[in-house]
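Engineer: Residue numbers (the working numbering), protein chains in the order written: chain A, 21 to 132; chain B, 21 to 132. Don't be surprised by glycine CBs; every beta carbon is placed ideally from N, CA and C. Predicted model, so just to flag it, every value in this text is computed and none were measured. Can you keep this structure in mind? I'll have questions shortly.
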Amino acid sequence: DAGVTQSPTHLIKTRGQHVTLRCSPISGHKSVSWYQQVLGQGPQFIFQYYEKEERGRGNFPDRFSARQFPNYSSELNVNALLLGDSALYLCASSPTGQETQYFGPGTRLLVL
Amino acid sequence: GENVEQHPSTLSVQEGDSAVIKCTYSDSASNYFPWYKQELGKRPQLIIDIRSNVGEKKDQRIAVTLNKTAKHFSLHITETQPEDSAVYFCAATWGSARQLTFGSGTQLTVLP
């Protein structure tokens, strides 16, 4: 039984560039949430999507955007990268977003 | 929004001893409190959770207690083993998206 998958696992970008991160939820889960985890801190909520609609947004600038596809996979996009965007980006899925969230392995982004 | 505080930030115990990690939350509307274990370089993994209509929940060596009046909840690990060494995060859900707000984490080290 496959868990949450994310790609790529690691990514190196330079300031000002754009990045797209991808997430596939557990089969049958219709909700995907994105979190940013800076080294030494707990994950911070960025977005939640359910049935392709944005259900919630955390305190992140408009440079961060996301979408969910008909197959419930999701993309997180970050424009105009800053050094401070370097972090582990985690995707979590749940059946409807109202229950336990299960995390993927994350994408480690380094901005130089 | 929700604010979750977690203590202590580091905890060292001898193998076989018990470990207790405490969290407080601010939003009285929060009703779901999961605990995640995160080993170095890996995804957060759910180890136990509790809902606000329950005061205590146990799963083998792990237990969680919740005091809704005081708005705090605690993780108890008994008979600790070296493989329990990891960072532990508490979290609380709030908002229409039921997004997770995480504590700052506790680095637990179990000394053999």
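1. Could you check what DSSP says for Gly-104 (chain A) in three-state terms: helix, strand or coil?
2. Residues in its own chain within less than 7 Å of Gly-36 (chain A) by CB, not counting five upstream and five downstream?
3. Mind listing which residues of the stretch 38–55 of chain A have their C-beta closer than 7 Å to chain B's C-betas, in chain order?
4. Just to confirm my understanding: we take Leu-130 (chain A), look at its own chain, exclude 5 residues before and 5 after, and list those with CB closer than 8 Å. What are they?
5. Along the chain, where does the beta strand (DSSP E) that runs through His-49 (chain A) open and close?
6. With Tyr-70 (chain A) and Gly-117 (chain A) assumed to form a contact (beta carbons below 8 Å), what rounded beta-carbon distance in angstroms separates them?
7. Just curious, the beta strand (DSSP E) that Phe-109 (chain B) is in, first and last residue?
8. Flag this pair as touching only if the stretch 21–39 of chain B and the stretch 46–53 of chain A have three or more C-beta atom pairs under 8 Å; answer yes or no.
9. With a threshold of 16 other CB atoms inside 10 Å of the CB of Gln-101 (chain B), please say whether the residue is buried or exposed.
10. What are the partner residues of Asp-69 (chain B), as DSSP defines its beta bridges?
11. Are the C-beta of Pro-90 (chain A) and some C-beta of chain B separated by less than 8 Å?
12. Beta-carbon within less than 6 Å of Phe-123 (chain A)'s beta-carbon, same chain only, minus the 5 sequence neighbours each way: which residues are those?
13. Candidates B:Leu-66, B:His-92 and B:Val-40: which alpha carbon is nearest Thr-98 (chain B)'s?
14. Name the chain B residues that come within less than 7 Å of Thr-25 (chain A), Cβ to Cβ?
15. For Pro-54 (chain B), would you say it is in contact with chain A, using Cβ-to-Cβ distances shorter than 8 Å as the test?
16. Could you tell me which chain A residues have their CB closer than 7 Å to the CB of Val-93 (chain B), listed as they occur along the chain?
17. State the Cα-Cα distance for the pair Asp-47 (chain B) and Arg-118 (chain B), rounded to the nearest angstrom.
18. Kindly indicate if chain B contains any beta-carbon less than 8 Å away from that of Arg-75 (chain A).
19. Strictly by DSSP, which residues pair up with Glu-73 (chain A)?
20. Given that Phe-123 (chain A) touches chain B, what residues does it touch there, using C-beta distances under 7 Å?
Structural biologist: The relevant details are as follows:
1. Here residue 104 (chain A) refers to the residue found at position 84 of the first sequence. Looking at Gly-104 (chain A) - three-state DSSP - the assignment turns out to be helix.
2. Along the first sequence, one-based indexing puts residue 36 (chain A) at 16. So the list reads Ala-100 and Leu-101, once near-sequence residues are dropped.
3. Ser-53
4. Position 110 of the first sequence, counted from the start, is the residue given in the question as residue 130 (chain A). Only His-30, Leu-31, Ile-32, Lys-33 and Ser-106 meet the Cβ criterion.
5. Position 29 of the first sequence holds residue 49 (chain A). Per DSSP, His-49 (chain A) belongs to no beta strand (DSSP E) and is neither H nor E.
6. By 1-based counting over the first sequence, the position of residue 70 (chain A) is 50. By 1-based counting over the first sequence, the position of residue 117 (chain A) is 97. Tyr-70 (chain A) to Gly-117 (chain A), Cβ: 5 Å. Contact.
7. As a working note, residue 109 (chain B) is residue 89 in the second sequence. Its beta strand (DSSP E) spans residues 106–114.
8. no
9. By 1-based counting over the second sequence, the position of residue 101 (chain B) is 81. So Gln-101 (chain B) counts as exposed.
10. Residue mapping note: residue 69 (chain B) aligns to position 49 of the second sequence, counting from 1. Paired residue(s): B:Pro-54.
11. The residue given as residue 90 (chain A) occupies position 70 in the first sequence. False, the Cβ-Cβ gap to chain B never drops below 8 Å.
12. Position 103 of the first sequence, counted from the start, is the residue given in the question as residue 123 (chain A). Taken in chain order, the residues that qualify are Leu-110 and Ala-112.
13. Along the second sequence, one-based indexing puts residue 98 (chain B) at 78. Ranking the options by Cα distance to Thr-98 (chain B), first place goes to B:Val-40.
14. In the first sequence, the residue the question calls residue 25 (chain A) occupies position 5. Within chain B, no residue comes near Thr-25 (chain A); the closest Cβ sits about 11 Å away, beyond 7 Å.
15. Here residue 54 (chain B) refers to the residue found at position 34 of the second sequence. For Pro-54 (chain B), the answer is yes, since a Cβ of chain A falls inside 8 Å of its Cβ.
16. For this step, residue 93 (chain B) is matched to residue 73 along the second sequence. The sequence given here has Phe at residue 93 (chain B), not Val. Within 7 Å Cβ-Cβ: nothing; Phe-93 (chain B) doesn't reach chain A, min ~15 Å.
17. Here residue 47 (chain B) corresponds to residue number 27 of the second sequence, with the count starting at 1. Here residue 118 (chain B) corresponds to residue number 98 of the second sequence, with the count starting at 1. Looking at the two C-alpha atoms, the distance is approximately 12 Å.
18. Along the first sequence, read from residue 1 onward, the residue named residue 75 (chain A) stands at position 55. At least one chain B Cβ lies under 8 Å of Arg-75 (chain A).
19. For this step, residue 73 (chain A) is matched to residue 53 along the first sequence. DSSP output for Glu-73 (chain A) lists A:Tyr-70 as bridge partner(s).
20. On the first sequence, position 103 is the one that residue 123 (chain A) refers to. Going along chain B in sequence order, the residues near Phe-123 (chain A) (Cβ under 7 Å) are Arg-63 and Pro-64.
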